[in-house]
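S.K.: Take a look at this one; I'll ask things after.
Written out as structure tokens, the structure reads:
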């Protein structure tokens, strides 16, 4: 009888809605006259203050799927601001529009750095309004968002750690790496064809020259987009890998545990 009751209780537990206490709140602001709208997500079931993470999604920007990914990552561990770097008037509907949006950003990386820096400032301004501890700050990004996250670090932003998931490693100015204050973790698919061996070597040399505390982890068999559910078929060479994604997120959590403890 006891075993049956436990089985029923367990079934009820796992049948309960996930993220039932998750808050999603839009935050409107301007950057250089451009209207931006980022989204703050966190679990309000627990009152424990926690670190703040600014997350830049893949090239599609703020979508329902990317917001759901942010909620899953946030859990009870972090308050996450999903950063808008395109502007409220630019919400790509497909790969073609997303490609045009990222191309515009890559043409002027100073604008990209200004916009992601403003998103971080908006996150920090939520201290006292959301369960932020006000001391621990980080950044993560996926694909184009990985490039944006690395540019945030290159800007000299006051964050303890940044994590790039299958991100673009390029920079418009390698000398900017001397500004990096954060520890850097790059999670890369060993079979990702979007980053050439020369680009990888160039990034690693950039980190060495600037004496950054950095890590580069390559996952065997993984390609671009390995951490984005539903990415398969989005573009050739882009595919979700559940096993690799789980490993990568474990690495991310361990990394933030370390940098925030310090």
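Residue numbers (my numbering): 865 to 1126. Even for Gly, the Cβ is constructed at its ideal location relative to N, Cα and C. Keep in mind that this is a model prediction, so the values were computed, not measured.
Does the beta-carbon of residue 1079 have 16 or more other beta-carbons within 10 angstroms, so that it is buried, or is it exposed?
M.R.: exposed
S.K.: Residue 905 and residue 946 look like a contact to me (Cβ under 8 Å); what is the Cβ gap, rounded to whole Å?
M.R.: Residue 905 to residue 946, Cβ: 7 Å. Contact.
S.K.: Okay, do the segment 1029-1038 and the segment 1058-1077 touch, 3+ Cβ pairs below 8 Å being the bar?
M.R.: Counting Cβ pairs under 8 Å, three or more are found: they touch.
S.K.: Rounded to a whole number of angstroms, what is the C-alpha to C-alpha distance between residue 1118 and residue 1124?
M.R.: Approximately 10 Å between the Cα atoms of the pair.
S.K.: Look up residue 1020 in the DSSP assignment and say whether it is helix, strand or coil.
M.R.: coil
S.K.: To the nearest angstrom, report how far apart residue 927 and residue 921 are at their CA atoms.
M.R.: 9 Å
S.K.: I'd like to check one pair, residue 1091 with residue 1008: are the Cβ atoms closer than 8 Å?
M.R.: no
S.K.: Mind checking who residue 894 pairs with in its DSSP beta bridge?
M.R.: 899
S.K.: Would you give the residue range spanned by the alpha helix (DSSP H) that residue 1117 belongs to?
M.R.: 1106-1125
S.K.: Is the separation between the beta-carbon of residue 893 and that of residue 917 shorter than 8 Å?
M.R.: no
S.K.: In whole angstroms, what is the alpha-carbon distance linking residue 973 and residue 1049?
M.R.: Pairing residue 973 with residue 1049, the inter-Cα distance amounts to about 21 Å.
S.K.: If you reduce the DSSP assignment to three classes, tell me which class residue 807 lands in.
M.R.: Beyond the ends of the chain as shown, which are 865 and 1126, falls residue 807; an answer cannot be given.
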